[in-house]
Structures are given as structure tokens and as C-alpha cells.
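A short worksheet on the structure shown next.
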Amino acid sequence: MTPKRYPYPPSACPAERLPYVPEGTRITVAGLVILRQRPGTAKGVVFITLEDETGIVNVIVWRNLFEQFRRAVISGRLLRITGRLQRGSGVTHVLAEKIEDISALLDQLTHPRQGTIVSGAN
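Here is the structure:
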């Protein structure tokens, strides 16, 4: 069996398909955390940027949800997030409802050019 190039959960919507998803749809996205922001002016809101093989996903985590999923938000390297799709000012966001740390799947990550497994990819 050939390993997958990316540990992509089958239930997750790839970033490249988000433009075709109707606004307000409850979806699941997954990707590597490339940015976490918690601006002091945002009243506890956390902004997360995920990247999958197809693109970037912007996620908004409200304060109460941050408290509920604090560990995953702070330390997760690979997250699966379920929430509602929202569009505004030319930007697409997922308003998080559930956050899962699936970083353990990184052990299955393979190098995209060589198809070789990168154990414990950091």
C-alpha cells in the first residue's frame, strides 16, 4: 500500500473547494497551523491560519470556544476544525465550533516529491 502524501482526513473539505461551498454551510477543514494570532484588541478572539496541500484556510475562534479547546488551539500543529463558512470583504473564514488536534497524523506525512515517509515531521 502506498502511503498518502498528506495525512488528509477524508471528511475534511480541501481549501481549494471553499469558494464553491455556500456561505453558512457547516464544514470541516484540516491543515497545518501556519499562524496563530490573538490580538489584544480582539477581545479574546483567536485567528488561526491552516494550510493544506491545496491552499489556505482562515479560522476564527471565539473566546468561549478558545477556552473549551485551549490545548488544541495553543499546541496543535495539525488541526481539524468544524464550523460555519462565512464570507465578507473578499475573505472566507470558518467560524470554529469544534477543534481537534490531529497532530499524531503527522507521523504519516510523506515528502511530496519523493513519496517517502517523514517520521515525526516537525
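Residue 76 in this note's numbering is what sits at position 55 of the sequence shown, and the numbering runs on without skipping anything.
All C-beta atoms, glycine included, are put in the ideal place defined by N, C-alpha and C.
request  = With DSSP as the reference, please indicate the residues paired to residue 119 in a beta bridge.
outcome  = Residue numbering aside, residue 119 sits at position 98 when the sequence shown is read from its first letter. DSSP lists 103 as partners of residue 119.
request  = Give the single residue among 78, 122 and 106 whose Cα lies nearest to the Cα of residue 95.
outcome  = The residue you call residue 95 lines up with position 74 of the sequence shown. The shortest C-alpha separation from residue 95 is found at 122.
task = Would you please state the rounded distance, in angstroms, between the beta carbons of residue 72 and residue 86? I believe it to be under 8 Å.
result = Residue mapping note: residue 72 aligns to position 51 of the sequence shown, counting from 1. Residue mapping note: residue 86 aligns to position 65 of the sequence shown, counting from 1. Cβ-Cβ separation between residue 72 and residue 86: approximately 21 Å, too far for a contact (criterion under 8 Å).
query = From this set, 62, 116 and 127, which residue's C-alpha is nearest residue 44's C-alpha?
reply = Locating residue 44 in the sequence shown gives position 23, where the first residue counts as 1. Of the candidates 62, 116 and 127, 116 places its Cα closest to the Cα of residue 44.
query = Roughly how far, in whole angstroms, is the beta-carbon of residue 42 from the beta-carbon of residue 78, given that I think they are within contact range, below 8 Å?
reply = Along the sequence shown, read from residue 1 onward, the residue named residue 42 stands at position 21. Along the sequence shown, read from residue 1 onward, the residue named residue 78 stands at position 57. The C-beta distance from residue 42 to residue 78 rounds to 11 Å, too long to meet the 8 Å contact threshold.
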